[in-house]
Amino acid sequence: MGLTHRQTVMIVLLLVGTFVTVLNQTVVAPALPSIMVDMSINAATGQWLTTGFTLVNAIMVPVTAFLIDRFPIRNLFLFSMSIFAIGSLLAAWGPNFPVLLSGRIVQAVGAGVLMPMVMSVLMLTFPIERRGFAMGLFGIVMAFGPAIGPTAAGVVIDAADWHIMFYVVTAFAAIVALVTPFTMDRVPAKHAHAKLDIPSVVLSTLGFGSLLYSFSIIGNGGFGLEFFISLIVGLVVIVLFFRRQLSMEHPMLRVRVLANKTFLMGTIIGMVVQAALLSVGILLPIYLQSLLGYSATESGLVLLPGALIMGIMGPIAGRWFDRHGPRVLAVTGTLMLTIGTVMLAFLGPEVSLVYVAVVMAIRLFGMALINMTITTWAMNALPNDLINHGTSVNNTFRQIAGSLGTAILTSVFAMVSVSLMATESTTLAGVHGVDAAFGVSAVLCAIGFILVLIFVKNGDAETKVDLDKQEKQSVLASIMKTDVFTVPESSSVLDVMRVLVERKISAAPVVDSEGRAVGFVSDGDIMRFLSKRSHLYTDPIVMIMQASNDNDTFDEKLAALMRMNVMDVATKGVVGINLSATLPEVCRVLGDNHLKKVPVLDKGEIVGVVNRSDITLYSMRTYLKAQHDL
0 MGLTHRQTVM
10 IVLLLVGTFV
20 TVLNQTVVAP
30 ALPSIMVDMS
40 INAATGQWLT
50 TGFTLVNAIM
60 VPVTAFLIDR
70 FPIRNLFLFS
80 MSIFAIGSLL
90 AAWGPNFPVL
100 LSGRIVQAVG
110 AGVLMPMVMS
120 VLMLTFPIER
130 RGFAMGLFGI
140 VMAFGPAIGP
150 TAAGVVIDAA
160 DWHIMFYVVT
170 AFAAIVALVT
180 PFTMDRVPAK
190 HAHAKLDIPS
200 VVLSTLGFGS
210 LLYSFSIIGN
220 GGFGLEFFIS
230 LIVGLVVIVL
240 FFRRQLSMEH
250 PMLRVRVLAN
260 KTFLMGTIIG
270 MVVQAALLSV
280 GILLPIYLQS
290 LLGYSATESG
300 LVLLPGALIM
310 GIMGPIAGRW
320 FDRHGPRVLA
330 VTGTLMLTIG
340 TVMLAFLGPE
350 VSLVYVAVVM
360 AIRLFGMALI
370 NMTITTWAMN
380 ALPNDLINHG
390 TSVNNTFRQI
400 AGSLGTAILT
410 SVFAMVSVSL
420 MATESTTLAG
430 VHGVDAAFGV
440 SAVLCAIGFI
450 LVLIFVKNGD
460 AETKVDLDKQ
470 EKQSVLASIM
480 KTDVFTVPES
490 SSVLDVMRVL
500 VERKISAAPV
510 VDSEGRAVGF
520 VSDGDIMRFL
530 SKRSHLYTDP
540 IVMIMQASND
550 NDTFDEKLAA
560 LMRMNVMDVA
570 TKGVVGINLS
580 ATLPEVCRVL
590 GDNHLKKVPV
600 LDKGEIVGVV
610 NRSDITLYSM
620 RTYLKAQHDL
């Protein structure tokens with residue numbers, strides 16, 4: 000992936016943590032019927048396990064941008080996973096509904112911090128021309144959670160109890176939290192002394208909380224007085240929140256990112272996609288289980304093929320994005336999403352599970368092409384110092400869109416079903432209600448398709464990438480040495496020694512027949528081999544007696560070493576930097592890996608080498624020149 004070992008460990012941990020939280024979100028719906036029976040609650044009350052989680056999750060997202068700037072990533076990740084594990088344990092114990100709901104709310108605090116944080120870290124760790132691949136990795140996690148969750152939850156609930164399901168989630172979260180301090184490095188925060196603006200937190204919580212609450216009660220109370228009061232309060236307070244952020248020198252959330260046209264359109268399209276995704280996720284189980292009588296396990300298996308396809312296509316779509324831009328992916332993805340949703344709008348009372356699985360596979364294939372693509376396209380339009388705020392804004396508006404879409408489509412389903420019950424059977428009326436709701440979802444998808452056709456172009460994104468790349472390359476090119484001396488992987492160590500001596504260098508990259516770096520050999524590698532003892536002495540007397548044989552052993556080792564292949568002593572793989580890397584990225588790679596020099600790679604081929612001393616000299620010259628110009 001072109002990352003240092005420490006970066007790779009960090010990314011893996013973050014993705015595993017994300018998988019646990021995504022898995023948790025998909026296992027509640029199958030458990031809801033059992034929870035309702037055990038705790039003697041109705042559907043409206045039970046739905047608060049999802050609604051409450053969504054509300055708190057959305058409230059935490061706007062604060063996360065500040066937290067990412069204020070605290071080291073390791074500390075913030077450890078906090079989020081620990082809080083999530085505590086909430087999961089509380090929900091697993093759950094002797095009554097208030098305790099269970101409290102556990103879900105505590106879970107939401109951790110999950111609300113985690114999602115935008117992981118997206119920000121991925122966007123900032125990978126260079127801009129590799130962000131599509133990075134978000135593809137994120138897409139795998141986002142896909143395989145829903146793929147495994149419903150089916151696994153159904154099996155656990157049928158075989159044991161819904162409490163066990165939460166205990167399993169607790170165990171996974173606890174393991175991730177426990178290994179974090181020992182495996183993830185503590186990188187200092189960018190703004191460690193920043194202070195949180197309490198009025199902004201209050202306005203954000205009240206505004207977004209009221210808005211999302213108004214959407215959540217549409218399905219139960221309809222468009223009554225409570226809905227309008229909550230909606231108006233939410234909108235007014237959000238306006239006040241935005242005004243405060245715009246007037247502050249150091250706002251909690253930089254809402255000015257919405258002034259960027261590309262980011263704004265990417266966020267709007269992402270909202271449409273999110274609304275279509277979540278609403279179908281709610282309606283399909285109702286259709287399959289409540290109306291057609293299929294089990295929770297069968298309902299979960301219907302989603303499995305599409306979710307697996309989505310996971311497989313994530314990295315492929317990411318690589319395409321990096322090489323060719325977003326337009327083809329976005330147009331194809333929204334078109335397939337629209338076609339699949341239109342097909343869902345014509346489901347009948349006797350449709351087969353195979354047909355539904357095929358339709359959902361088409362739909363989720365399109366989702367794999369559009370979801371991370373449009374997010375990456377939007378984020379690439381922002382400078383690095385606004386990525387944290389961009390991910391928080393994007394996630395907040397997606398939460399709003401998902402809640403609004405779910406509320407509207409659930410209301411359409413309810414209204415159509417009730418209106419037809421006088422003339423049709425309950426099952427048939429419900430099927431027509433689901434079809435009508437899917438029809439509205441298809442309209443949303445079509446709107447997204449039109450927006451993509453009009454606004455998503457390769458030119459703007461590519462131009463920005465090219466300009467950024469040229470700017471970075473101009474600095475890197477002025478520092479790096481382009482006369483790179485490499486050795487073929489078929490060379491002997493003797494051949495390498497000749498190159499090092501003749502060229503007066505201490506190390507050289509090892510390349511394959513196509514010129515791609517496969518290793519790195521240095522005088523340190525040779526020294527380490529020669530310094531190894533053939534025996535481990537535990538008795539100091541014996542070690543002293545054998546010291547006279549050291550010279551003979553050394554000569555034999557040296558002769559044997561010269562005959563060996565270079566890859567027998569070289570470091571496998573190459574810690575390198577992309578040609579578009581910034582100087583801070585180069586310094587981080589050198590420092591994290593304790594290197595004196597690092598190869599510069601362009602599409603896997605070595606185009607130069609950067610020395611630590613060259614960067615130091617460049618930095619001092621640049622600083623002194625700037626001081627002289629003042």
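Just so you know, we're using numbering that gives the first Met the number 0 here: the sequence shown kicks off at 0 and counts up by one.
Virtual Cβ for every residue (Gly too), placed ideally from N, Cα, C.
In this text, all values refer to a predicted model and were calculated from it rather than measured experimentally.
(message) Quick check on DSSP: helix, strand or coil for residue 519?
(response) Taking the first residue of the sequence shown as position 1, residue 519 is located at position 520. It is a strand residue.
(message) Taking the straight line between their C-alpha atoms, what separation do you get for residue 62 and residue 226?
(response) As a working mapping, residue 62 is identified with position 63 in the sequence shown. As a working mapping, residue 226 is identified with position 227 in the sequence shown. Going from the Cα of residue 62 to the Cα of residue 226 covers about 26 Å.
(message) Given this structure, state the Cα-to-Cα distance separating residue 411 from residue 432, to the nearest angstrom.
(response) On the sequence shown, position 412 is the one that residue 411 refers to. On the sequence shown, position 433 is the one that residue 432 refers to. A direct Cα-Cα distance of roughly 7 Å separates residue 411 from residue 432.
(request) Could you pull out every residue in the same chain whose Cβ sits closer than 7 Å to the Cβ of residue 330, ignoring the five residues on either side in sequence? (result) Walking along the sequence shown from the start, residue 330 turns up at place 331. Apart from sequence neighbours up to five positions away, the residues of its chain that approach residue 330 with a beta-carbon distance below 7 Å are 451 and 452, ordered along the chain.
(request) Would you tell me roughly how many angstroms separate the C-alpha atoms of residue 630 and residue 50, rounded to the nearest one? (result) Residue coverage of the chain in this structure runs from 0 to 629, which leaves residue 630 outside it and unanswerable.
(message) Quick check on DSSP: helix, strand or coil for residue 511?
(response) Your numbering for residue 511 matches position 512 in the sequence shown. Residue 511 falls in the coil class under three-state DSSP.
(message) Going by beta-carbon coordinates alone, are residue 301 and residue 148 separated by less than 7 Å?
(response) Stepping through the sequence shown from its first residue, residue 301 is reached at position 302. Stepping through the sequence shown from its first residue, residue 148 is reached at position 149. No, Cβ-Cβ distance for residue 301 and residue 148 is not below 7 Å.
(request) Between the Cα of residue 78 and those of 98, 172 and 57, spot the shortest distance and give me the residue it belongs to. (result) The residue given as residue 78 occupies position 79 in the sequence shown. It is 172.
(message) Tell me the DSSP secondary structure of residue 455 in three-state form.
(response) Here residue 455 refers to the residue found at position 456 of the sequence shown. The three-state secondary structure of residue 455, taken from DSSP, is coil.
(request) State the CB to CB distance for the pair residue 102 and residue 82, rounded to an integer number of angstroms; the pair is presumed to be in contact (CB under 8 Å). (result) Residue 102 sits at position 103 when you count from the first residue of the sequence shown. Residue 82 sits at position 83 when you count from the first residue of the sequence shown. The pair is not a contact, with the Cβ atoms about 11 Å apart (cut-off 8 Å).
(message) Please report the distance separating the alpha-carbon of residue 276 from that of residue 401.
(response) Along the sequence shown, read from residue 1 onward, the residue named residue 276 stands at position 277. Along the sequence shown, read from residue 1 onward, the residue named residue 401 stands at position 402. Annotation: residue 276 to residue 401 spans about 8 Å, alpha carbon to alpha carbon.
(message) Let's test the definition: count the other Cβ atoms within 10 Å of the Cβ of residue 470 and tell me whether it reaches 16, buried, or not, exposed.
(response) Taking the first residue of the sequence shown as 1, we reach residue 470 at position 471. Low confidence applies to residue 470: its pLDDT is 47, below 50, so where it sits in the model is not reliable enough to give any reading.
(request) Flag this pair as yes or no: are the beta carbons of residue 114 and residue 175 separated by less than 7 Å? (result) Working through the sequence shown from its first residue, we reach residue 114 at position 115. Working through the sequence shown from its first residue, we reach residue 175 at position 176. Cβ distance not < 7 Å, so residue 114 and residue 175 don't count as in contact.
(message) Rounding to the nearest angstrom, what Cα-Cα distance links residue 118 and residue 564 in this structure?
(response) On the sequence shown, position 119 is the one that residue 118 refers to. On the sequence shown, position 565 is the one that residue 564 refers to. The alpha-carbon atoms of residue 118 and residue 564 are separated by roughly 43 Å.
(request) Output yes or no for whether 7 Å exceeds the beta carbon distance between residue 429 and residue 290. (result) On the sequence shown, residue 429 is found 430 positions in, with the first residue counted as 1. On the sequence shown, residue 290 is found 291 positions in, with the first residue counted as 1. Yes.
(message) Counting C-beta neighbours from all protein chains within 10 Å, is the total for residue 345 16 or more, i.e. buried, or is it exposed?
(response) Position 346 of the sequence shown holds residue 345. In this structure residue 345 is exposed. Its beta-carbon is surrounded by fewer than 16 other beta-carbon atoms within 10 angstroms.
(message) Closer than 8 Å is the cut-off here; do at least three beta carbon pairs connect the segment 303-310 with the segment 435-455?
(response) Judged by Cβ distances under 8 Å, the segment 303-310 makes no contact with the segment 435-455, as fewer than three pairs qualify.
(message) For residue 158, count the other beta carbons within 10 Å of its own beta carbon; 16 or more makes it buried, fewer makes it exposed. Which is it?
(response) Here residue 158 is taken as the residue at index 159 of the sequence shown, counted from 1. Exposed, by the Cβ-count rule.
(request) Look up residue 37 in the DSSP assignment and say whether it is helix, strand or coil. (result) Here residue 37 refers to the residue found at position 38 of the sequence shown. Residue state, collapsed to three classes: helix.
(request) Under 7 Å Cβ to Cβ from residue 105, same chain only, skipping five residues before and after it: list those, please. (result) The residue given as residue 105 occupies position 106 in the sequence shown. Close CB contacts of residue 105 within its chain, under the 7 Å cut and outside five residues either way in sequence, are with 82, 85, 86 and 89 (chain order).
(request) Please determine, among 604, 350, 620 and 91, the residue with the shortest C-alpha to C-alpha distance to residue 518. (result) Counted from its first residue, the sequence shown places residue 518 at position 519. Nearest to residue 518 by alpha-carbon distance, out of 604, 350, 620 and 91, is 604.
(request) Thinking residue 569 and residue 509 are a contact (beta carbons under 8 Å), I'd like their distance in whole angstroms, please. (result) Here residue 569 is taken as the residue at index 570 of the sequence shown, counted from 1. Here residue 509 is taken as the residue at index 510 of the sequence shown, counted from 1. Confirmed, Cβ separation roughly 5 Å.
(message) Rounding to the nearest angstrom, what Cα-Cα distance links residue 481 and residue 503 in this structure?
(response) Numbered from its first residue, the sequence shown carries residue 481 at position 482. Numbered from its first residue, the sequence shown carries residue 503 at position 504. Spanning the alpha carbons of residue 481 and residue 503 requires a straight line of approximately 16 Å.
(message) Let me check understanding here. Comparing Cα to Cα, which of 285, 279, 297 and 266 lies closest to residue 378?
(response) Within the sequence shown, the letter at position 379 stands for residue 378. For residue 378, the closest alpha carbon among the candidates 285, 279, 297 and 266 is that of 266.
(message) I'd like to know if the segment 52-68 and the segment 127-134 are in contact, where contact means that at least 3 CB-CB pairs between them fall below 8 Å.
(response) As far as the Cβ criterion goes, the segment 52-68 does not touch the segment 127-134, which means the pair count is below three.
(request) Taking residue 423 as part of the alpha helix (DSSP H), name the residues at either end of that continuous run. (result) Taking the first residue of the sequence shown as 1, we reach residue 423 at position 424. Under the DSSP assignment, residue 423 falls outside any alpha helix (DSSP H); it carries neither an H nor an E label.
(message) Within the continuous beta strand (DSSP E) that includes residue 604, where are the two ends?
(response) In the sequence shown, counting from the first residue as 1, residue 604 sits at position 605. That run of the beta strand (DSSP E) goes 604-610.
(message) I need the straight-line Cα distance from residue 622 to residue 616, nearest angstrom please.
(response) Here residue 622 refers to the residue found at position 623 of the sequence shown. Here residue 616 refers to the residue found at position 617 of the sequence shown. Answer to the nearest angstrom: the Cα atoms are 10 Å apart.
(request) Within its chain, find whatever has a CB closer than 6 Å to the CB of residue 215; leave out the 5 residues flanking it on each side and keep chain order. (result) For this step, residue 215 is matched to residue 216 along the sequence shown. Excluding the 5 residues flanking it on each side, residue 215 has same chain C-beta neighbours closer than 6 Å at 50, in chain order.
(message) For residue 286 and residue 352, which I take to be in contact (beta-carbon distance under 8 Å), what is that distance rounded to the nearest angstrom?
(response) Position 287 of the sequence shown holds residue 286. Position 353 of the sequence shown holds residue 352. Wrong, their Cβ atoms sit about 11 Å apart, outside the cutoff.
(message) Using 8 Å as the cut-off, can you tell me whether the segment 390-399 makes contact with the segment 251-264, which would need three or more C-beta pairs spanning the two stretches below that distance?
(response) Result yes; three or more Cβ-Cβ pairs closer than 8 Å.
(request) Taking 7 Å as the cut-off, decide whether the C-beta atoms of residue 200 and residue 389 are in contact. (result) Position 201 of the sequence shown, counted from the first residue, corresponds to residue 200. Position 390 of the sequence shown, counted from the first residue, corresponds to residue 389. No, the Cβ-Cβ distance between residue 200 and residue 389 is not below 7 Å.
(message) Using the three-state DSSP reduction, which class does residue 598 fall into: helix, strand or coil?
(response) By one-based count along the sequence shown, residue 598 stands at place 599. Residue 598: strand per DSSP, three-state reduction.
(message) Could you compute how far the alpha carbon of residue 325 sits from the alpha carbon of residue 399?
(response) Residue numbering aside, residue 325 sits at position 326 when the sequence shown is read from its first letter. Residue numbering aside, residue 399 sits at position 400 when the sequence shown is read from its first letter. Going from the Cα of residue 325 to the Cα of residue 399 covers about 25 Å.
(request) Closer than 6 Å by C-beta to residue 534: which residues in its own chain qualify, once you throw out the five before and the five after it? Chain order, please. (result) To locate residue 534, count along the sequence shown from 1; it is residue 535. Only weak support is given to the placement of residue 534: the predicted model assigns it a pLDDT of 49, under 50, and the question is left unresolved by the model.
(message) When you compare the CB positions of residue 493 and residue 566, do they come within less than 7 Å of one another, or not?
(response) What you label residue 493 is simply residue 494 of the sequence shown in a count that begins at 1. What you label residue 566 is simply residue 567 of the sequence shown in a count that begins at 1. In this structure, the beta-carbon distance from residue 493 to residue 566 does not fall below 7 Å.
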